[in-house]
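Right, one structure below, let's go through it.
2 protein chains.
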Amino acid sequence: MLARNVGQPTPASILAASASDEWVTIAPDDLLVMELAPGADESAREVVIELLPPPFSQGWVENVRTLARAHWWDGTSVYRVVDNWVAQWGDGEDERADPKPLPERLNAVPESEYTVLRAAMAAAEANWAASTGSAGVATEDSGIPEFAPSSPYARTEYFFMGWPLAADDRATWPTHCYASVGVARDVAPDTGTGAELYAVIGHAPRQLDRNIAVVGRVIEGIEHLATLPRGTGEAGVYETRAGHTPIVSVRLASELPEARRPRFEYLASDSASFKRYTAVRGNRSDEFYAVPAGGVDVCNVQVPIRRVAAG
Amino acid sequence: MLARNVGQPTPASILAASASDEWVTIAPDDLLVMELAPGADESAREVVIELLPPPFSQGWVENVRTLARAHWWDGTSVYRVVDNWVAQWGDGEDERADPKPLPERLNAVPESEYTVLRAAMAAAEANWAASTGSAGVATEDSGIPEFAPSSPYARTEYFFMGWPLAADDRATWPTHCYASVGVARDVAPDTGTGAELYAVIGHAPRQLDRNIAVVGRVIEGIEHLATLPRGTGEAGVYETRAGHTPIVSVRLASELPEARRPRFEYLASDSASFKRYTAVRGNRSDEFYAVPAGGVDVCNVQVPIRRVAAG
Numbered sequence: 001m002l003a004r005n006v007g008q009p010t011p012a013s014i015l016a017a018s019a020s021d022e023w024v025t026i027a028p029d030d031l032l033v034m035e036l037a038p039g040a041d042e043s044a045r046e047v048v049i050e051l052l053p054p055p056f057s058q059g060w061v062e063n064v065r066t067l068a069r070a071h072w073w074d075g076t077s078v079y080r081v082v083d084n085w086v087a088q089w090g091d092g093e094d095e096r097a098d099p100k101p102l103p104e105r106l107n108a109v110p111e112s113e114y115t116v117l118r119a120a121m122a123a124a125e126a127n128w129a130a131s132t133g134s135a136g137v138a139t140e141d142s143g144i145p146e147f148a149p150s151s152p153y154a155r156t157e158y159f160f161m162g163w164p165l166a167a168d169d170r171a172t173w174p175t176h177c178y179a180s181v182g183v184a185r186d187v188a189p190d191t192g193t194g195a196e197l198y199a200v201i202g203h204a205p206r207q208l209d210r211n212i213a214v215v216g217r218v219i220e221g222i223e224h225l226a227t228l229p230r231g232t233g234e235a236g237v238y239e240t241r242a243g244h245t246p247i248v249s250v251r252l253a254s255e256l257p258e259a260r261r262p263r264f265e266y267l268a269s270d271s272a273s274f275k276r277y278t279a280v281r282g283n284r285s286d287e288f289y290a291v292p293a294g295g296v297d298v299c300n301v302q303v304p305i306r307r308v309a310a311g
Numbered sequence: 312m313l314a315r316n317v318g319q320p321t322p323a324s325i326l327a328a329s330a331s332d333e334w335v336t337i338a339p340d341d342l343l344v345m346e347l348a349p350g351a352d353e354s355a356r357e358v359v360i361e362l363l364p365p366p367f368s369q370g371w372v373e374n375v376r377t378l379a380r381a382h383w384w385d386g387t388s389v390y391r392v393v394d395n396w397v398a399q400w401g402d403g404e405d406e407r408a409d410p411k412p413l414p415e416r417l418n419a420v421p422e423s424e425y426t427v428l429r430a431a432m433a434a435a436e437a438n439w440a441a442s443t444g445s446a447g448v449a450t451e452d453s454g455i456p457e458f459a460p461s462s463p464y465a466r467t468e469y470f471f472m473g474w475p476l477a478a479d480d481r482a483t484w485p486t487h488c489y490a491s492v493g494v495a496r497d498v499a500p501d502t503g504t505g506a507e508l509y510a511v512i513g514h515a516p517r518q519l520d521r522n523i524a525v526v527g528r529v530i531e532g533i534e535h536l537a538t539l540p541r542g543t544g545e546a547g548v549y550e551t552r553a554g555h556t557p558i559v560s561v562r563l564a565s566e567l568p569e570a571r572r573p574r575f576e577y578l579a580s581d582s583a584s585f586k587r588y589t590a591v592r593g594n595r596s597d598e599f600y601a602v603p604a605g606g607v608d609v610c611n612v613q614v615p616i617r618r619v620a621a622g
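Chains as they are written, first to last, in this note's numbering: chain A, 1 to 311; chain B, 312 to 622.
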C-alpha cells in the first residue's frame with residue numbers, strides 16, 4: 001500500500017521549524033518543583049508545575065507561592081486519586097483530626113476571582129502588547145482559527161500568554177484541561193486556600209470552570225500522578241495512610257540553587273508558528289491521518305512547552 | 312458559610328431514581344474480559360470491554376470476536392503506553408522479527424467502514440425502534456439537550472444505543488472518548504486487523520475519529536491500563552520486554568462459565584432518565600457547583616454503565 005500525504009506538516013514538524021524568538025521563557029517564580037518519594041523501583045519522581053500569570057486567580061496563586069516558601073507541603077502527601085478525574089495532594093485536612101497549621105497571611109479569596117472581567121482582560125492584553133512589542137492579542141482574533149466558537153462551554157475559547165481560556169460577554173476564565181492544577185475545596189461558597197491542590201488526570205472536566213480556581217498546570221511529570229493507584233475509599237481517598245505517596249518537597253524554582261533550577265519555554269500564543277500549529281492540530285492531514293477533523297477543542301490543542309538547558 | 316443548592320439533582324441522584332426498565336442488558340457476546348498478569352502487589356487486574364453494536368465498525372468487531380475465540384491474545388502483552396494518549400496491546404508485531412500468526416478468515420476492512428452512511432443509520436434506528444417498542448431515536452432529537460451542535464468536531468453529536476456518536480450530513484461515526492478501544496494500525500490506508508488494540512487513557516483524541524476504527528470501550532478496569540508505567544522507547548513502546556504487562560487471557564463473556572460471566576447494563580439513550588442525566592451533566596447546580604457550565608461535550612457526558620449481579 002502506498003502511503004498518502006507524505007511530507008505534509010505535522011505538529012512536530014511545525015515546532016521543529018519554529019524560530020527561537022517565538023518561544024517565551026517561563027519565569028522561575030512561576031515554576032513549582034514537587035518532589036515525590038521515589039517509586040517502587042527507586043526512580044525519582046519530580047513534577048513541575050507552571051503557575052498562572054496575572055490577571056488569573058492571583059489571590060490563590062499568591063497563596064501557593066506563600067505555602068511553597070514556607071515549605072508547607074514538605075511531609076504532606078498525595079492522598080486522593082480518582083480515575084479520569086484528579087490526583088489530589090496536601091494535608092488532607094478533611095480526613096484528619098489534627099490539621100497542619102497553615103502559614104499566616106494567606107489570602108481569603110472570593111468566588112468572583114474565578115473569572116476576570118472584560119476590562120481587566122483588556123488591560124492585561126494592553127500590558128502584554130506594551131511589554132512584548134507585539135501587536136497585542138484581540139480575544140476574538142487570537143484563538144483557534146476558524147472553529148473557535150464551537151464549544152458547549154463558552155461563547156469563545158482562545159489562547160493568551162500560552163494559556164487556554166474561555167470567555168463569555170462578561171468575563172474570561174482559565175479552563176480545566178488535562179494536567180491543569182486547581183485548588184481543592186469543600187462545598188461552595190468555600191473557595192479553598194491553595195493548600196490542597198489537585199491535577200486533572202483525565203478528560204477535561206470543564207464543568208469545574210468558574211467553580212474552582214485553576215492555579216496552573218503540570219508541564220513535566222504528570223505521569224507520576226496519573227499512574228498512581230486509584231483510591232478505594234470515599235471520593236477516591238486512600239483507605240489507609242499506607243496508600244499515600246509522600247511529598248518530599250515543593251519549591252519555587254526561584255528558591256532552588258541555579259544548577260538545579262529547571263528552565264522551560266512555551267510557544268507564544270501570538271506567534272505565526274502557534275497559529276500554524278493550532279491549524280494543523282485541527283486538521284491533521286499527514287501519512288497517518290486520512291480525514292482532517294475540521295476543528296479541535298481548546299484542551300486538545302495542547303500548548304507546546306519545552307524544557308531547555310539551564311543558561 | 313451556608314451551603315447553597317442543597318438537595319438539587321446530581322448525576323448520582325438521577326441514576327438512583329431511574330427505573331430498572333430504563334437500563335439495557337449488554338449481551339455476553341458484546342463483552343470481552345481481559346485478564347492481565349497480577350500487579351506488583353499480586354492483586355488481580357481484569358479489564359472488561361464492551362464491543363460496539365451494528366452498524367458500527369462491524370468488520371473489525373467481528374475480527375475481535377474471532378481473535379478472542381482463537382484465544383489469540385493469551386500470552387501477548389501491553390507493550391506501549393503513552394501518557395494522555397493510549398495503552399496498546401497485542402503482539403507488537405511491528406517491533407518483532409517473528410510476528411504471531413493471525414487466525415484465518417479475518418476480514419480485510421476498508422476505510423469506508425470508519426463511518427456509517429445516513430441510510431444505514433436510518434435502518435439501524437428503525438430496527439432499534441421495532442425491537443424495543445421505543446419511538447425510535449431521531450438523530451437531531453436524541454442528543455444532548457440544547458447544546459448538541461456546539462462541537463468543533465462534527466455538525467452534531469448525540470447518543471444512540473448507549474454510544475456517543477458524531478455526524479455530518481453524509482454519515483455517522485463512533486467517537487474517541489476516554490476509555491474508547493480502537494484498532495491500532497500503521498500509516499493510512501492500512502486499517503489494521505483488530506489484533507493490535509489500544510484504549511484511550513487521556514483527553515478525548517477526537518482527531519482519530521474517522522481515521523481509526525473504534526471497536527468498543529473499557530467499561531470496568533480502565534485504571535489497570537491507565538496506571539501502567541509510560542513507555543520510554545520510540546512512540547511510547549517499552550524499551551525492553553521487562554516493561555511489558557503480560558496478558559493472561561482475553562475471552563468473550565459468552566465463552567465463560569455462567570458463574571464467571573460478568574453482567575452489565577447501560578442507561579438507555581432514549582430514556583427519560585438519560586435526558587435528565589445529560590441535562591444535569593451540562594448544568595451542574597448543586598452544593599458543589601455554583602456556576603452551571605451551560606453545556607457538555609459528548610465525551611464528558613459519560614454514559615452510565617453499571618455491573619449487576621449475575622442472574
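Idealized CB from N, CA, C, for every residue including glycine.
Quiz item: How is Trp173 of chain A classed by DSSP in three states: helix, strand or coil?
Solution: Position 173 of the first sequence, counted from the first residue, corresponds to residue 173 of chain A. DSSP places Trp173 of chain A in strand when its eight states are reduced to three.
Quiz prompt | Buried versus exposed call for Ser112 of chain A [16 or more other C-beta atoms within 10 Å across all chains shown] | solution = As a first step, residue 112 of chain A is located in the first sequence; it is residue number 112 there, counting from the start. Flag for Ser112 of chain A reads exposed.
Exercise. With distances taken Cα to Cα, identify the nearest neighbour of Ala195 of chain A among A:Val308, A:Arg206, A:Pro103.
Key: Start at 1 with the first residue of the first sequence, and residue 195 of chain A comes out as number 195. Checked all of A:Val308, A:Arg206, A:Pro103; the closest Cα to Ala195 of chain A is A:Pro103.
Quiz item: Should Ala259 of chain A be labelled buried (16 or more other beta-carbon atoms within 10 Å of its own) or exposed?
Solution: As a first step, residue 259 of chain A is located in the first sequence; it is residue number 259 there, counting from the start. Under the 10 Å beta carbon count, Ala259 of chain A is surrounded by fewer than 16 other beta carbons and is classified as exposed.
Quiz item: Quick one, which of B:Trp334, B:Ala478, B:Glu545, B:Asp501 has its alpha-carbon nearest Val392 of chain B's?
Solution: Within the second sequence, numbered from 1, the residue matching residue 392 of chain B stands at position 81. Of B:Trp334, B:Ala478, B:Glu545, B:Asp501, the residue nearest in Cα terms is B:Glu545.
Practice problem: Answer with yes or no whether the minimum CB distance from His514 of chain B to chain A is below 8 Å. | Solution: As a position in the second sequence, residue 514 of chain B is number 203, starting the count at 1. Interface residue (Cβ-Cβ distance to chain A less than 8 Å): His514 of chain B is classified as such.
Quiz item: Where do the N-terminal and C-terminal ends of the beta strand (DSSP E) with Ile616 of chain B fall, by residue?
Solution: Your numbering for residue 616 of chain B matches position 305 in the second sequence. It spans 616–619 - the beta strand (DSSP E) in which Ile616 of chain B sits, taken as one unbroken run.
Exercise. Could you run through the stretch 284–295 of chain A and flag, in chain order, every residue whose CB is less than 9 Å away from some CB of chain B?
Key: Among the residues of the stretch 284–295 of chain A, those with a Cβ less than 9 Å away from any Cβ of chain B are Arg284, Asp286, Glu287, Phe288, Tyr289, Ala290, Val291, Pro292, Ala293, Gly294, Gly295, in the order of the chain.
Exercise. Anything in chain B within Cβ reach of Arg45 of chain A, meaning under 8 Å, just list it in chain order.
Key: Position 45 of the first sequence, counted from the start, is the residue given in the question as residue 45 of chain A. By Cβ distance, chain B contributes nothing, its closest Cβ being about 11 Å from Arg45 of chain A, past 8 Å.
Self-check item: Partners in chain C for Arg552 of chain B, counting only beta-carbon separations shorter than 8 Å
Solution: Here chain C cannot be found, since the structure's protein chains are A and B.
Quiz item: Which word fits Leu300 of chain B, buried or exposed, when buried means at least 16 other C-beta atoms lie within 10 angstroms of its C-beta?
Solution: Because chain B spans 312 through 622 in this model, residue 300 of chain B falls outside it and cannot be assessed.
Quiz prompt | Terminal residues of the alpha helix (DSSP H) in which Ala272 of chain A lies | solution = Indexing the first sequence from 1 puts residue 272 of chain A at position 272. 272–282 is the span of the alpha helix (DSSP H), which, as asked, contains Ala272 of chain A.
Practice problem: Could you tell me if Ser13 of chain A is buried or exposed, where buried requires 16 or more neighbouring beta carbons within 10 angstroms of its beta carbon? | Solution: Counting from 1 along the first sequence, the entry for residue 13 of chain A is found at position 13. Exposed: under 16 other Cβ atoms inside 10 Å.
Practice problem: Give me whichever residues DSSP pairs with Met432 of chain B in a beta bridge. | Solution: Indexing the second sequence from 1 puts residue 432 of chain B at position 121. Answer is none; Met432 of chain B lacks a bridge partner.
Quiz item: What's the C-alpha gap between Trp484 of chain B and Val525 of chain B?
Solution: Stepping through the second sequence from its first residue, residue 484 of chain B is reached at position 173. Stepping through the second sequence from its first residue, residue 525 of chain B is reached at position 214. In a straight line, the C-alpha of Trp484 of chain B is about 9 Å away from that of Val525 of chain B.
Practice problem: Pick out whichever of B:Ser331, B:Gly318, B:Asn316, B:Arg315 has its Cα sitting closest to the Cα of Val619 of chain B. | Solution: Against the second sequence, residue 619 of chain B aligns to sequence position 308. The shortest C-alpha to C-alpha distance from Val619 of chain B to any of B:Ser331, B:Gly318, B:Asn316, B:Arg315 is the one to B:Ser331.
Practice problem: Select from B:Ala381, B:Ala408, B:Leu539 the residue whose C-alpha is nearest the C-alpha of Gln399 of chain B. | Solution: In the second sequence, counting from the first residue as 1, residue 399 of chain B sits at position 88. It is B:Leu539 whose Cα lies nearest to the Cα of Gln399 of chain B.
Practice problem: List the residues of chain B whose Cβ lies closer than 9 Å to the Cβ of Ser77 of chain A, in chain order. | Solution: As a working note, residue 77 of chain A is residue 77 in the first sequence. Here the premise fails: no neighbours, minimum Cβ distance about 17 Å.
Self-check item: Cβ pair Thr486 of chain B, Asp520 of chain B closer than 8 Å
Solution: Counted from its first residue, the second sequence places residue 486 of chain B at position 175. Counted from its first residue, the second sequence places residue 520 of chain B at position 209. In this structure, the beta-carbon distance from Thr486 of chain B to Asp520 of chain B falls below 8 Å.
Quiz item: In or out: Glu125 of chain A buried (at least 16 other Cβ within 10 Å) or exposed?
Solution: In the first sequence, counting from the first residue as 1, residue 125 of chain A sits at position 125. In this structure Glu125 of chain A is buried. Its beta-carbon is surrounded by 16 or more other beta-carbon atoms within 10 angstroms.
Self-check item: Residue from A:Ala40, A:Asp41, A:Glu50 whose Cα sits closest to the Cα of Leu31 of chain A
Solution: In the first sequence, residue 31 of chain A corresponds to position 31, counting from 1. Taking only the C-alpha atoms, the option nearest Leu31 of chain A is A:Glu50.
Exercise. Identify the contact partners of Thr543 of chain B in chain A, using a Cβ-Cβ distance below 9 Å as the criterion.
Key: Numbered from 1 along the second sequence, position 232 holds the residue referred to as residue 543 of chain B. Within chain A, no residue has its beta carbon less than 9 Å from that of Thr543 of chain B; the closest one is some 10 Å off.
Quiz item: Expressed to the nearest angstrom, what Euclidean distance is found between the alpha-carbon atoms of Thr556 of chain B and Trp396 of chain B?
Solution: Within the second sequence, the letter at position 245 stands for residue 556 of chain B. Within the second sequence, the letter at position 85 stands for residue 396 of chain B. Take the alpha-carbon of Thr556 of chain B and the one of Trp396 of chain B: they are about 17 Å apart.
Quiz item: How many Å lie between Val498 of chain B and Pro292 of chain A at the Cα?
Solution: The count along the second sequence starts at 1 and reaches residue 498 of chain B at position 187. The count along the first sequence starts at 1 and reaches residue 292 of chain A at position 292. Their Cα atoms are separated by approximately 14 Å.
Quiz prompt | the stretch 27–42 of chain A touching the stretch 238–256 of chain A, judged by at least three CB pairs closer than 8 Å | solution = Below 8 Å, enough C-beta pairs join the stretch 27–42 of chain A and the stretch 238–256 of chain A to call them touching: three or more.
Exercise. Check whether the Cβ atoms of Asp45 of chain A and Pro53 of chain A sit closer than 8 Å, and answer yes or no.
Key: Along the first sequence, read from residue 1 onward, the residue named residue 45 of chain A stands at position 45. Along the first sequence, read from residue 1 onward, the residue named residue 53 of chain A stands at position 53. Before going on, a small fix: residue 45 of chain A reads as Arg here, not Asp. No, the Cβ-Cβ distance between Arg45 of chain A and Pro53 of chain A is not below 8 Å.
Exercise. Go through its chain and collect everything with a Cβ distance to Tyr464 of chain B's Cβ below 8 Å, but skip five positions before and after it.
Key: As a first step, residue 464 of chain B is located in the second sequence; it is residue number 153 there, counting from the start. Only Ala477, Thr486, Arg517, Asp520 meet the Cβ criterion.
Self-check item: Of the listed residues B:Val614, B:Arg407, B:Met472, nearest to Asn438 of chain B (C-alpha basis)
Solution: In the second sequence, counting from the first residue as 1, residue 438 of chain B sits at position 127. For Asn438 of chain B, the nearest C-alpha among the options comes from B:Met472.
Quiz item: So what does DSSP say about Ala242 of chain A, is it helix, strand or coil?
Solution: For the purposes of this step, residue 242 of chain A is identified with residue 242 of the first sequence, where counting begins at 1. In this structure, DSSP gives Ala242 of chain A a helical state, which the three-state scheme calls helix.
Self-check item: Element boundaries [beta strand (DSSP E), containing Gly182 of chain A]
Solution: Here residue 182 of chain A corresponds to residue number 182 of the first sequence, with the count starting at 1. Here the beta strand (DSSP E) through Gly182 of chain A covers 180–183.
Practice problem: Check whether the Cβ atoms of Leu36 of chain A and Ile201 of chain A sit closer than 8 Å, and answer yes or no. | Solution: Taking the first residue of the first sequence as position 1, residue 36 of chain A is located at position 36. Taking the first residue of the first sequence as position 1, residue 201 of chain A is located at position 201. The beta carbons of Leu36 of chain A and Ile201 of chain A sit no closer together than 8 Å.
Quiz item: For Thr387 of chain B versus Gly370 of chain B, is the C-beta distance shorter than 8 Å?
Solution: As a working note, residue 387 of chain B is residue 76 in the second sequence. As a working note, residue 370 of chain B is residue 59 in the second sequence. Using a Cβ distance threshold of 8 Å, Thr387 of chain B and Gly370 of chain B do not count as a contacting pair.
Quiz item: For the putative contact between Asn522 of chain B and Ala290 of chain A, defined by C-beta atoms under 8 Å, what is the C-beta separation to the nearest angstrom?
Solution: Locating residue 522 of chain B in the second sequence gives position 211, counting from the first residue. Locating residue 290 of chain A in the first sequence gives position 290, counting from the first residue. Confirmed, about 6 Å.
Quiz prompt | Per-residue burial, Pro164 of chain A [other beta carbons within 10 Å of its own, 16 or more giving buried] | solution = The sequence position of residue 164 of chain A within the first sequence is 164, counting from 1. So Pro164 of chain A counts as buried.
Exercise. Leaving out five residues on either side along the sequence, give the residues of the same chain with a beta carbon under 8 Å from the beta carbon of Glu598 of chain B.
Key: Counting from 1 along the second sequence, the entry for residue 598 of chain B is found at position 287. Result list for Glu598 of chain B: Ala314, Arg315, Asn316, Val317, Gln319, in chain order.
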